[in-house]
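Going by the working numbering, the sequence shown opens with residue 1409, and the numbers climb by one from there. Glycine is no exception: its CB is placed at the ideal position from the N, C-alpha and C atoms. This structure is a prediction, so every number in the text was calculated from the model and none was measured. Remarks on the structure that follows.
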Amino acid sequence: MRWFLIIALLFLVNCQAPQIMAPKEQIPAKEAYQKHDFATIKKMAESGDPWGQFYLGSMYGSGNGVSKDLYKAVKWWSLAAKQGNATAQYNLGVANEYGKGAPQDFQTAYMYYYIAAENGSHQYGTALDRVANKLSNIEIAEAKKLAHECLDNKKLLNC
């Protein structure tokens, strides 16, 4: 049941566009994703398109048009997240919170949820609260500090 909820949550999140990028930038990748067009998405992702990277990660994360591989999903979401894709940042939070495709690390999950929220995706506040309940005040402060360092970096390198 827990797996179903995690996959359902990722699916719902994948349907939402973060507010920091113009919707027109998302359209080609979203259309290819909806058609299960792995070749087009992969080409877009490999060329550096953040939405291509996000949707390729989502294809791997859900097994949509390709064999499910959560580690590859995290790889592609990481690349999209470094370009400011808040939904990819949120998905990295989920991966770290539940240890699916990444080591379970509540502090890292909190950091990614915080970054996603700071990038204009305020619907992620519930996730922040949920993970905060698993951390000490010191761990939360450290996660916020790292999140601010990542946000100041703009490209989110080493985050």
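Under a Cβ-count criterion, where at least 16 other Cβ atoms within 10 Å of its own Cβ denotes burial, should lysine 1443 be classed as buried or exposed? exposed
Among Asn1545, Asn1499 and Gly1473, which residue has its Cα nearest to the Cα of lysine 1483? Asn1499
If you follow the alpha helix (DSSP H) that histidine 1444 is part of, which residue opens it and which one closes it? First-last for histidine 1444: undefined, no H or E at that position.
Here's a check: name, in chain order, each residue in its chain whose Cβ is nearer than 6 Å to the Cβ of alanine 1440, leaving out the five neighbours to either side. Thr1448 and Ile1449
Glutamate 1550 and glutamine 1515: beta carbons closer than 8 Å? yes
Start and end residues, alpha helix (DSSP H) containing serine 1475: Neither: serine 1475 is in no alpha helix (DSSP H) and is coded neither H nor E.
Could you tell me the alpha carbon to alpha carbon distance between proline 1436 and aspartate 1457, rounded to whole angstroms? 10 Å
Buried versus exposed, by CB contacts within 10 Å (16 or more), lysine 1553: exposed
Coil, strand or helix - glycine 1492 by DSSP: coil
Under three-state DSSP, which class holds leucine 1464? helix
So, is leucine 1507 buried or exposed, given that buried needs 16 or more other C-beta atoms within 10 angstroms? According to the sequence displayed, residue 1507 carries glycine and not leucine. Glycine 1507 comes out exposed.
Would you please state the rounded distance, in angstroms, between the beta carbons of alanine 1488 and phenylalanine 1462? I believe it to be under 8 Å. 4 Å
Same chain, Cβ closer than 6 Å to aspartate 1477, five either side skipped, listed in chain order: Tyr1468
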